[in-house]
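Protein chains in written order, with this note's numbering: chain A, -13 to 318; chain B, -13 to 318.
Here is the structure we will look at.
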């Protein structure tokens, strides 16, 4: 049934049904919920902990296409990119509000699928989908807001990198970027894209547990790799006023990248959408982190001197600087 | 300069400059701010108070047109519609996050104007613009997320109307709806629209102080009039499982409405965008409220019996039910 037929309130009822599991998990957020969907605002019991909030939007035919991203994928990813920001601060995610705009002729089943995808990821991390908003629009835009907390107050900041820190990254890089490259080649039909690559692109796993473990282990500096490794490392260097070097032969390139005819190193360096955590810390801490985290952690470089004109230098296996163009996703 | 030239980070710097006044007012929110724009998430000191959160979006050519809504108006209104939701709960607004999508060829001055409009309203209410997100999009969508608190825990709920309560509304109704009607007549050029009407449409005043005063006075039920009086009163009746009657001769029709050739009563009954507070309470409380609030408060009807099939009946000056079509804004 299209949305004009179901109507706003019919749709809100449908959505309310789909998101119920997020309220019925034994999570802190569920326990603290006072008002969910259906009044002028959502409400929950406050706490003295440091509060975190972030928002990110996905726009049809800018960030995704329904040619390769199903509604359920979109629901998952819309939440995941926000949870990744909370992870990059070392926080716990608690509540999500969703602003979804779409054409009136969209089928209500599509909206239900969107919320199913989001609910799956939300319940996994104890996040309650507590409110939102639906509006008409010529094409689909999903803006999600996530609220979280830092129970310990120890935050992972972009500005805390210090000379001598090693630079490390969780998981592997390049798979999502490979999929994006194959699926959005201008002027030609989407290339064959292995499902594992497409999955990496549309179903990123936010590193929430890992972010908290990093903060607990004493790491103080992190960012999530959303724009691309070089670009996101530059953000750290600019905020921390430091230079950095990374070595391409140490990059944890996703093995799946090597199965397609693209340059895996370039994907890992400059490709976006990985949603891994890039962090810096003293060497003794990274050793501890490597033994504690369930995912791979790879040291890829080092923070060098402080600098008023911060830069990132990429070194080849012989320690020679190489030229890196394309430094990641450009928003405009 | 267009956005592609300024770039994402140039733009973030510009925005950060514009919103500084929201951080440098002696507000509770400013004092509690820990991290503003520039890291993975915003952060602020938490509190034990009941937390409130809401989100609302404005979409170009669905909710507004640049033919009659300047960028500065859009910034104001994008925040105002969210503050109005916090007001309708009797809360204090604290923090706003802004997801703005727009074409890459938009001038950076336009974005600065948008944030100026928002900053003006934010400082007035002690709200800090603490974070956000900018994305490319074929046309403009603004999604704002506002966090607030209820210092007393006394919330104005849609579900708290009780038989015998009077129904009252702050301010006056119809001016914004008159402007919208004149400016968006299908198939003809926008009609001449007095500036006072256009202003009512693009610069709504959220009733935050009034919402708190209502809660303090013992009012327990309210909603903000965004979809239209009849439509929003129906929401109260559905949530409270009650019937209601209102009298058209008691409606506080905006005097400006009477200067244009539209039916003022119909505008006041069914026109949206007023952002006044519609509330119900025992008669003795409304008397107190009338003497305390700085704005007009008008009793327009009464909550009748409880009902499994709630309805709103509109009565003429002779107490005869009249037929009311068009019950407000349809989102789909």
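Built from N, CA and C at the ideal position, the CB exists for glycine as well.
Quick caveat, the model's predicted, so the values are computed rather than measured.
| Item | Value |
| --- | --- |
| Using the rule of at least 16 other Cβ atoms within 10 Å of the residue's Cβ for burial, across every protein chain shown, is residue 72 of chain B buried or exposed? | buried |
| Given a threshold of 16 other Cβ atoms within 10 Å of its Cβ, counted over all protein chains shown, does residue 308 of chain A qualify as buried or as exposed? | exposed |
| For the segment 23 to 38 of chain B, enumerate the residues whose C-beta is nearer than 8 Å to any C-beta of chain A, in chain order. | 24, 25, 26, 27, 28, 29, 30, 31, 32, 33, 34, 35, 36, 37 and 38 |
| Under three-state DSSP, which class holds residue 267 of chain A? | strand |
| Would you verify that the beta carbon of residue 81 of chain B is, or is not, closer than 8 Å to some beta carbon of chain A? | yes |
| So, with DSSP's three-state summary, where would you put residue 192 of chain B? | coil |
| Please report how far the alpha carbon of residue 108 of chain A lies from the alpha carbon of residue 138 of chain B, in whole angstroms. | 30 Å |
| Between which two residues does the alpha helix (DSSP H) carrying residue 18 of chain B extend? | 14 to 18 |
| Is the beta carbon of residue 190 of chain B sitting closer than 8 Å to the one on residue 63 of chain B? | yes |
| Taking the Cβ atom as the reference point for each residue, do residue 207 of chain A and residue 267 of chain A lie within a distance shorter than 8 Å? | yes |
| So residue 325 of chain A is in the beta strand (DSSP E); what residue range does that whole segment cover? | Chain A is shown from -13 up to 318; residue 325 of chain A falls before or after that span and cannot be answered. |
| Does DSSP classify residue -7 of chain A as helix, strand or coil? | helix |
| Examine chain B for any beta-carbon lying closer than 8 Å to the beta-carbon of residue 110 of chain A, and answer yes or no. | no |
| Can you tell me the Cα-Cα spacing of residue 265 of chain A and residue 212 of chain B, whole angstroms? | 45 Å |
| So which residues of chain B does residue 45 of chain A contact, with C-beta pairs closer than 9 Å? | 87, 121, 122, 123, 124 and 127 |
| Just to make sure I have the definition right: I need the residues of chain B whose C-beta is within less than 7 Å of the C-beta of residue 131 of chain A. Which are they? | 41, 83 and 131 |
| How many Å lie between residue 167 of chain A and residue 0 of chain B at the Cα? | 32 Å |
| Please classify residue 292 of chain B: is it buried, with 16 or more other beta-carbons within 10 angstroms of its beta-carbon, or exposed? | exposed |
| Going by Cα to Cα distance, which pick from B:160, B:9 and B:22 is closest to residue 259 of chain B? | B:160 |
| If we count the other Cβ atoms within 10 Å of its Cβ and call it buried at 16 or more, is residue -9 of chain B buried or exposed? | exposed |
| Would you list the residues sitting across from residue 159 of chain A in a DSSP beta bridge? | A:239 |
| Give, in chain order, every unbroken run of the alpha helix (DSSP H) that is at least 4 residues long and sits entirely within the segment 45 to 124 of chain B. | 57 to 73 and 94 to 110 |
| Between which two residues does the alpha helix (DSSP H) containing residue 223 of chain A stretch? | 215 to 226 |
| Please return the same chain residues whose Cβ sits closer than 7 Å to the Cβ of residue 286 of chain A, not counting the five positions on each side in sequence. | 153, 154, 155, 232, 233, 236 and 237 |
| Taking CB distances under 8 Å as the criterion, tell me whether residue 74 of chain A reaches chain B. | yes |
| Three or more beta-carbon pairs under 8 Å between the segment 16 to 26 of chain B and the segment 120 to 128 of chain B, yes or no? | no |
| Which two residues bound the contiguous beta strand (DSSP E) that contains residue 301 of chain A? | 298 to 301 |
| For a cutoff of 8 Å on Cβ pairs, would you count residue 118 of chain A as touching chain B? | yes |
| In angstroms, rounded to a whole number, what distance separates the CA positions of residue 221 of chain A and residue 150 of chain A? | 18 Å |
| Locate the alpha helix (DSSP H) running through residue 256 of chain B, then write down its first and last residues. | 250 to 256 |
| What number of angstroms, rounded off, separates the C-alpha of residue 113 of chain A from the C-alpha of residue 105 of chain A? | 9 Å |
| Do you know offhand how far residue 283 of chain A's Cα is from residue 276 of chain A's? | 6 Å |
| Tell me the DSSP secondary structure of residue 170 of chain B in three-state form. | coil |
| At 8 Å on the CB atoms, spell out the chain B contacts of residue 294 of chain A, in chain order. | Within chain B, no residue comes near residue 294 of chain A; the closest Cβ sits about 17 Å away, beyond 8 Å. |
| Taking the CB atoms as reference points, tell me whether residue 61 of chain A and residue 100 of chain A lie closer together than 8 Å. | yes |
| To the nearest angstrom, how far is the alpha carbon of residue 82 of chain A from that of residue 81 of chain B? | 15 Å |
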